[in-house]
Amino acid sequence: MRLRALTLVGGMMVGTMAPGAAAPEIQGQLAITRTLTKQRVVLPAYSVRGVTPHKHEAAPKPINEWDRVVVYLEADHAPAAARITATLDQTGQRFEPEVLVVPVGSSVSFPNSDPIFHNVFSLSRTKEFDLGFYPAGKIRVVNFNKVGVVQVFCHLHPDMNATILVVPNAWYTRPNEHGAFTFTGLSPGAYQVVVWHQAAGFFRKRIQVSEGAARISMEIPLAVNAPKP
0 MRLRALTLVG GMMVGTMAPG AAAPEIQGQL AITRTLTKQR VVLPAYSVRG VTPHKHEAAP
60 KPINEWDRVV VYLEADHAPA AARITATLDQ TGQRFEPEVL VVPVGSSVSF PNSDPIFHNV
120 FSLSRTKEFD LGFYPAGKIR VVNFNKVGVV QVFCHLHPDM NATILVVPNA WYTRPNEHGA
180 FTFTGLSPGA YQVVVWHQAA GFFRKRIQVS EGAARISMEI PLAVNAPKP
């Protein structure tokens with residue numbers, strides 16, 4: 000970064016950017032590649048308590064793989080994110096949204112918007128909890144104070160599942176419908192770009208940022224079942 004001058008502000012020397020110098024940023028492009036795997040046998044979902052799986056279930060939504068992707072940065076100088084309270088609803092006998100992103104220290108509200116009981120739980124190492132049975136109109140809240148992935152399920156409806164990704168700082172985003180993303184307002188230095196896909200997992204790549212835009216491209220290898228012979 001080219002500095003025009005150094006100014007004393009509050010006892011600290013602050014540099015101002017020279018005319019024409021571009022602010023550091025990261026511009027990224029993701030691509031999803033599909034790898035064939037052997038066909039797996041999947042047993043149908045059922046309820047051990049006798050609840051009909053499809054009685055209150057909404058029609059399945061079209062799958063958009065980019066909705067299942069999160070990108071964030073890791074760096075020693077990363078700013079802490081403000082804690083938020085997000086919502087993971089139970090409606091149409093499914094979780095909405097399927098993927099939720101929150102900064103570490105945040106809380107998630109779990110309202111039951113269905114006319115039936117639910118029992119939300121997780122056995123994940125990042126956060127283990129069991130909210131017990133609760134009916135329509137009731138809400139439970141959980142705090143997430145550790146970075147990582149939290150898989151969420153319902154004891155009563157095995158076909159219900161969602162994922163909460165707890166990120167470490169304020170530098171996180173979702174790619175657009177073409178797999179592109181941008182981080183602005185950065186300072187020069189080394190960063191690690193972390194890409195997470197709900198099914199494929201984590202992918203990391205280091206990048207050095209100086210003046211202007213640093214560009215990076217990454218692939219997400221997504222395994223899909225091979226057609227039956």
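Counted from 1, the sequence shown has number 1 at position 2 by numbering that gives the first Met the number 0; the numbering is strictly sequential. Ideal Cβ placement from N, Cα and C applies to all residues, glycine included.
Per DSSP, what are the beta-bridge partners of His-196 in this structure? Working through the sequence shown from its first residue, we reach residue 196 at position 197. Looking at the DSSP assignment, His-196 forms a beta bridge with Val-68, Gly-200.
Opposing strand residues paired with Leu-164 [DSSP bridges]: Counting from one through the sequence shown, the residue named residue 164 turns up at place 165. Its beta-bridge partners are Val-100, Val-148.
What is the DSSP secondary structure of Asp-158, reduced to helix, strand or coil? Stepping through the sequence shown from its first residue, residue 158 is reached at position 159. Of the three classes helix, strand and coil, the one that applies to Asp-158 here is coil, per DSSP.
Would you mind stating whether Pro-134 and Asn-111 have Cβ atoms separated by less than 8 angstroms? Locating residue 134 in the sequence shown gives position 135, counting from the first residue. Locating residue 111 in the sequence shown gives position 112, counting from the first residue. In this structure, Asn-111 lies closer than 8 angstroms to Pro-134 by Cβ.
Where Ala-81 falls: helix, strand or coil (DSSP): Within the sequence shown, the letter at position 82 stands for residue 81. DSSP places Ala-81 in coil when its eight states are reduced to three.
Paired residues, beta bridge with Ile-62 - DSSP: Translated into the one-based positions of the sequence shown, residue 62 becomes position 63. Answer by DSSP bridge pairing: none, since Ile-62 is not bridged.
Return the CA-CA distance between Arg-139 and Gln-207, expressed in angstroms with no decimal places. The sequence position of residue 139 within the sequence shown is 140, counting from 1. The sequence position of residue 207 within the sequence shown is 208, counting from 1. Distance between the alpha carbons of Arg-139 and Gln-207: 43 angstroms.
Quick one: what's Thr-90 bridged to in DSSP? Locating residue 90 in the sequence shown gives position 91, where the first residue counts as 1. Thr-90 pairs with Arg-93.
First through last residue of the beta strand (DSSP E) which encompasses Glu-127: As a first step, residue 127 is located in the sequence shown; it is residue number 128 there, counting from the start. 127-129 is the extent of the beta strand (DSSP E) around Glu-127.
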